[in-house]
Amino acid sequence: ANVFPKNSFYRVENTEEEEKRPRLHHGLESWDDGTRSGMKRLAMLHTNVAALTKEFANVERMMPTEKRLLRGMRRLTADAVEFYVCSAFKVCFADVARLEHAEDWTADASTPSITKLPGKFSAIVENVLTSIDSATPDEKPQWMVELIAAPFVETTRLMSDVLHSLAFSSSRRGAPDSTMGPAYAAHPASPARKGRLNEGGAVGLMGEEESRKVLVVLSNAMHLQRRVLPLLWDKFLSIIPDKYHDVLEPELAGVAGLYATLARMVTDAYIRSTALGLGDFITRGLMTSGRDWSAKKPVTKVREYVMELLLELVLVYDDVMGIAKPWVHKVMQTLLWMISDNFYSLLRTVGKFCATGALQIYVEIEFVRRVLGSFESPASRDTLRGIRSYLERHMMSSTDGDLKLTAEDIITKALKSTRVMFACFAPASKTTPSARGGGL
Numbered sequence: 007a008n009v010f011p012k013n014s015f016y017r018v019e020n021t022e023e024e025e026k027r028p029r030l031h032h033g034l035e036s037w038d039d040g041t042r043s044g045m046k047r048l049a050m051l052h053t054n055v056a057a058l059t060k061e062f063a064n065v066e067r068m069m070p071t072e073k074r075l076l077r078g079m080r081r082l083t084a085d086a087v088e089f090y091v092c093s094a095f096k097v098c099f100a101d102v103a104r105l106e107h108a109e110d111w112t113a114d115a116s117t118p119s120i121t122k123l124p125g126k127f128s129a130i131v132e133n134v135l136t137s138i139d140s141a142t143p144d145e146k147p148q149w150m151v152e153l154i155a156a157p158f159v160e161t162t163r164l165m166s167d168v169l170h171s172l173a174f175s176s177s178r179r180g181a182p183d184s185t186m187g188p189a190y191a192a193h194p195a196s197p198a199r200k201g202r203l204n205e206g207g208a209v210g211l212m213g214e215e216e217s218r219k220v221l222v223v224l225s226n227a228m229h230l231q232r233r234v235l236p237l238l239w240d241k242f243l244s245i246i247p248d249k250y251h252d253v254l255e256p257e258l259a260g261v262a263g264l265y266a267t268l269a270r271m272v273t274d275a276y277i278r279s280t281a282l283g284l285g286d287f288i289t290r291g292l293m294t295s296g297r298d299w300s301a302k303k304p305v306t307k308v309r310e311y312v313m314e315l316l317l318e319l320v321l322v323y324d325d326v327m328g329i330a331k332p333w334v335h336k337v338m339q340t341l342l343w344m345i346s347d348n349f350y351s352l353l354r355t356v357g358k359f360c361a362t363g364a365l366q367i368y369v370e371i372e373f374v375r376r377v378l379g380s381f382e383s384p385a386s387r388d389t390l391r392g393i394r395s396y397l398e399r400h401m402m403s404s405t406d407g408d409l410k411l412t413a414e415d416i417i418t419k420a421l422k423s424t425r426v427m428f429a430c431f432a433p434a435s436k437t438t439p440s441a442r443g444g445g446l
């Protein structure tokens with residue numbers, strides 16, 4: 007990719023003959039053969055190119071009038087620099103690509119919510135930029151800036167591909183390392199943690215290991231976007247003449263946008279997969295519980311499937327809080343909306359309820375709403391309002407008094423008995439249950 011497109015507002019006059027020279031295509035295969043000797047050859051090349059660049063600068067200062075001699079030496083130096091930059095970035099690309107298969111999910115010592123991957127990537131790119139800085143002249147012509155800028159930007163994009171592959175092909179990799187700390191410790195398997203996330207973004211149910219890895223990838227992506235990339239960009243600009251900085255800034259914005267898009271993709275995939283697993287609880291409670299919803303039956307409590315659903319959400323909350331804390335509210339808010347929508351869809355599938363059957367579901371959904379109240383959104387609020395209206399129509403047929411009062415008693419008792427169980431959602435309940443309103 008050419009960071010100086012034809013329609014760019016930035017123009018550099020090509021006054022020097024070497025600016026117009028055709029680009030050379032070197033065979034670089036032997037410079038990264040995956041062996042120590044290949045790396046040794048590249049190190050020797052760097053030493054020689056750096057020495058040649060320095061010597062040419064000295065000659066140019068000592069013999070400013072020898073234009074013909076200087077022209078030939080300038081071409082020789084330019085060819086050497088070009089070959090070295092291409093070789094260095096070729097090795098850099100290979101090293102970054104290998105990070106995908108080298109990921110062992112070990113936590114970073116200074117930032118336990120990420121793995122060592124961002125640090126490894128940063129070290130690889132910093133090393134290549136440092137070596138290029140010492141092997142190139144301070145005053146770089148436009149062709150040399152392009153030669154450095156294009157592969158540097160491509161390196162950052164390649165890293166986003168590595169993260170994407172780790173997130174969407176995670177089922178083929180090993181379990182998170184035991185040294186990663188409590189946020190990575192496996193919870194007992196549950197219905198929401200089965201299956202896998204398929205390649206290409208086709209979302210199915212993820213296992214508990216896969217779901218945790220996806221969150222780790224999300225945390226790595228955010229760390230790269232917010233911490234690593236700005237530092238690497240500053241390092242890159244430090245070796246580029248100031249007059250080119252403005253035209254290069256859009257490249258940084260493009261890369262930042264790429265990582266933001268990746269973070270959204272990973273988050274959405276995690277949410278959709280988790281919601282599919284949570285849907286199993288709701289299906290069990292409404293469709294396969296064995297209850298005849300048109301038959302009158304006393305309502306005395308919130309059934310166990312609701313408690314299991316909320317306990318599963320506690321595990322989800324704990325995972326996201328420990329690994330990708332900035333996304334906790336978005337994840338939980340979206341899950342509440344999806345749960346509400348799933349309830350509403352299945353209620354309409356059942357169709358016929360007696361008054362006590364409607365009361366049972368009313369109690370359970372209202373209990374879920376109050377426990378997760380801090381994560382309500384306009385979308386979930388509208389869905390819950392629709393559920394209330396739907397159930398109340400069926401509850402109106404009761405001849406046993408005001409069923410809403412009965413519902414309030416059951417809900418209040420359930421909230422008191424489970425206060426510790428769902429303590430992580432405590433910010434949602436700073437007022438008493440009755441003060442929060444008796445209806446959906």
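For the sequence shown, the positions run 7 to 446 when the numbering used here is used. Even for Gly, the Cβ is constructed at its ideal location relative to N, Cα and C.
Can you list, in chain order, the residues of its chain whose CB lies under 8 Å from that of residue i, leaving out five sequence neighbours each side?
i           : result
residue 331 : 119
residue 301 : 360, 363
residue 225 : 119, 120, 329, 330
residue 304 : 362
residue 354 : 396
Take the Cβ of residue i as the centre, count every other Cβ of all protein chains shown within 10 Å, and call the residue buried at 16 or more, exposed below.
i           : result
residue 325 : buried
residue 145 : exposed
residue 275 : buried
residue 109 : buried
residue 214 : buried
residue 358 : exposed
residue 256 : exposed
residue 427 : exposed
residue 375 : buried
residue 98  : buried
residue 157 : buried
residue 286 : buried
residue 391 : exposed
residue 107 : exposed
residue 5   : Residue 5 lies beyond the stretch modelled for the chain, which goes from 7 to 446, so this question has no answer here.
residue 386 : buried
Just the C-alpha distance for residue i and residue j, rounded to the nearest angstrom, thanks.
i           : j           : result
residue 272 : residue 173 : 7 Å
residue 246 : residue 432 : 52 Å
residue 126 : residue 231 : 15 Å
residue 364 : residue 299 : 8 Å
residue 143 : residue 228 : 35 Å
residue 335 : residue 82  : 59 Å
residue 137 : residue 237 : 17 Å
residue 207 : residue 154 : With a pLDDT of 39 at residue 207, under the threshold of 50, the modelled position of this residue cannot be trusted, and the question is left open.
residue 342 : residue 313 : 15 Å
residue 123 : residue 261 : 18 Å
residue 430 : residue 327 : 10 Å
residue 356 : residue 292 : 8 Å
residue 398 : residue 371 : 13 Å
residue 306 : residue 218 : 37 Å
residue 288 : residue 333 : 25 Å
residue 130 : residue 111 : 18 Å
residue 393 : residue 345 : 12 Å
residue 164 : residue 384 : 38 Å
residue 352 : residue 152 : 58 Å
residue 148 : residue 132 : 22 Å
residue 318 : residue 88  : 56 Å
residue 253 : residue 96  : 25 Å
residue 36  : residue 263 : Residue placement at residue 36 is poorly supported in this model, since its pLDDT is 45, which falls under 50; the coordinates still yield a value, given next. Approximately 35 Å between the Cα atoms of the pair.
residue 114 : residue 216 : 19 Å
Is the separation between the beta-carbon of residue i and that of residue j shorter than 7 Å?
i           : j           : result
residue 373 : residue 308 : yes
residue 413 : residue 368 : yes
residue 282 : residue 377 : no
residue 380 : residue 265 : no
residue 297 : residue 311 : no
residue 91  : residue 161 : no
residue 389 : residue 347 : yes
residue 223 : residue 128 : no
residue 401 : residue 411 : no
residue 134 : residue 94  : yes
Which same chain residues end up closer than 7 Å to residue i when comparing Cβ atoms and leaving out the 5 residues on each side of it in sequence?
i           : result
residue 170 : 268
residue 251 : 243
residue 241 : 132, 135
Please work out which residues of its chain come closer than 6 Å, Cβ to Cβ, to residue i, disregarding the five sequence neighbours upstream and downstream, and give them in chain order.
i           : result
residue 338 : 381
residue 340 : 277
residue 420 : 308, 373
residue 239 : 258
residue 139 : 245
residue 168 : 105, 106
Does any heavy atom of the ligand MG sit closer than 6 Å to the C-beta of residue i?
i           : result
residue 375 : As presented, the structure is devoid of all ligands, the ligand MG included, so that no description of it is given.
Hey, which unbroken runs of the alpha helix (DSSP H) at 4 residues or more fall wholly within the stretch 309–386?
310–329, 334–356, 361–377
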